[in-house]
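Right, here's the structure in full:
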C-alpha cells in the first residue's frame with residue numbers, strides 16, 4: 001500500500017515483513033516527526049490488527065525497533081506495530097534540550113497548556129488523533145482491533161490514552177509504567193512547566209487518577225502490567241501499587257506481575273514482550 005504524506009527513511013526486510021521508518025510534517029506538534037512501523041506480509045492481502053507502542057524517556061523511534069525483538073512477534077502474530085517518537089524535536093524552545101527528563105525525548109504524552117510549550121508539546125493529541133489516523137490511512141489496519149502499550153513514560157502514555165479515549169483502543173498493557181505522574185518528581189517537574197500550578201490539569205494525565213473515573217468499556221482480561229523487582233526507578237517514580245489500589249476501589253481489573261531480578265531496561269522488555277502480544281491477541285479475539 002502506498003503511503004501518502006510520508007517520506008520513507010529506512011526499510012529493512014525482517015522475517016516475512018518490513019520494518020520501516022518514516023517522517024512526516026505534523027500539524028499537531030508543528031514539526032517533522034519520525035515513527036517506526038513494522039508491516040507483516042499478511043497485511044499485503046488483508047486488514048490486520050494494530051499495536052501502537054509508546055517509548056520512555058530519552059528514546060526516539062529507534063530504541064524499540066532495534067532493541068525489543070518486536071519484528072519476529074509482529075510477523076508471527078500478523079500485527080502491524082507502529083511506534084512514534086517521544087516528543088517534538090527541533091522546535092528551538094529555550095530549555096527543551098537541557099535535561100534528559102524534560103523536553104526533547106520527554107514529552108510525557110500530554111497536551112501542554114502553558115507557553116512556550118503549548119504550541120508544540122501536544123503529544124497526547126498527536127498520538128491519539130494525528131498519528132492514530134495516519135497509520136490507519138496509510139496501512140492495512142483492522143480498525144476494530146487496535147491496542148496500545150508502552151514502557152515507563154510510554155506505559156504512562158498508553159494507560160492515559162486508554163482511559164481518556166474510551167473505546168478507541170480495545171486493549172492496553174504496559175512495562176514498568178509511571179502510574180501516578182502528578183505525584184512523582186518526573187511528572188511534577190514536567191507538569192509544572194506544561195500546565196503551570198493547576199493540579200486539576202495534572203490529574204487529567206495521571207493514570208491513577210483517571211482509573212477512578214473511567215466509565216468506558218473494559219478489557220475482558222485484567223490489564224497487563226509487568227514490573228521488574230530490581231528496577232531502580234520502581235520506588236521513586238513508578239509506584240505500581242498506587243494504580244492497583246485505585247483500580248481495586250472501583251473494581252477495575254489490573255494484573256501487575258512483578259518479576260524477580262529484572263530491571264528497567266530493554267532486556268526486561270524483550271523477555272516479556274511476547275506475553276503482551278498474547279494478551280492483545282486474546283482481547284482482539286473477543287471482537288466480532
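Residue numbers (the UniProt record's numbering): 1 to 288. We put the CB at the ideal spot given by N, CA and C, even for glycine. Only a predicted model underlies this, so the values are computations on that prediction, with no experimental measurement involved.
Simplified DSSP state of residue i, which is helix, strand or coil
{"i": "residue 93", "result": "coil"}
{"i": "residue 88", "result": "coil"}
{"i": "residue 262", "result": "coil"}
{"i": "residue 1", "result": "Since pLDDT at residue 1 reaches only 46, below the 50 mark, its modelled position is unreliable, and no value is offered."}
{"i": "residue 151", "result": "strand"}
{"i": "residue 73", "result": "helix"}
{"i": "residue 44", "result": "helix"}
{"i": "residue 130", "result": "helix"}
{"i": "residue 111", "result": "strand"}
{"i": "residue 176", "result": "coil"}
{"i": "residue 144", "result": "strand"}
According to DSSP, residues forming a beta bridge with residue i
{"i": "residue 290", "result": "Since the displayed the chain opens at 1 and closes at 288, residue 290 lies outside it and no answer follows."}
{"i": "residue 39", "result": "18"}
{"i": "residue 103", "result": "106"}
{"i": "residue 122", "result": "111"}
Beta-carbon spacing of residue i, residue j below 8 Å
{"i": "residue 250", "j": "residue 212", "result": "yes"}
{"i": "residue 159", "j": "residue 172", "result": "yes"}
{"i": "residue 238", "j": "residue 177", "result": "yes"}
{"i": "residue 96", "j": "residue 35", "result": "no"}
{"i": "residue 226", "j": "residue 272", "result": "yes"}
Among the options, nearest to residue i - alpha-carbon criterion
{"i": "residue 218", "options": "271, 194, 284", "result": "284"}
{"i": "residue 201", "options": "111, 101, 18, 5", "result": "111"}
{"i": "residue 135", "options": "225, 37, 11, 287", "result": "37"}
{"i": "residue 240", "options": "16, 221, 174", "result": "174"}
{"i": "residue 223", "options": "148, 288, 204, 194", "result": "148"}
{"i": "residue 138", "options": "8, 182, 277, 108", "result": "8"}
{"i": "residue 230", "options": "15, 120, 265", "result": "265"}
{"i": "residue 375", "options": "93, 140, 96, 81", "result": "Nothing can be reported for residue 375, as the shown portion of the chain is limited to 1 through 288."}
{"i": "residue 83", "options": "43, 127, 117", "result": "127"}
{"i": "residue 109", "options": "206, 254, 256", "result": "206"}
CB contact below 8 Å: residue i versus chain C
{"i": "residue 260", "result": "Checking the listed chains, one finds no chain C in this structure; it contains a single protein chain."}
beta-carbon residue i near the ligand GTP non-hydrogen atom, thresh 7 Å
{"i": "residue 107", "result": "The ligand GTP is not among the ligands present in this structure, which contains no ligands whatsoever."}
- Uninterrupted beta strand (DSSP E) stretches inside the segment 223-256 (no shorter than 3 residues): 223-228
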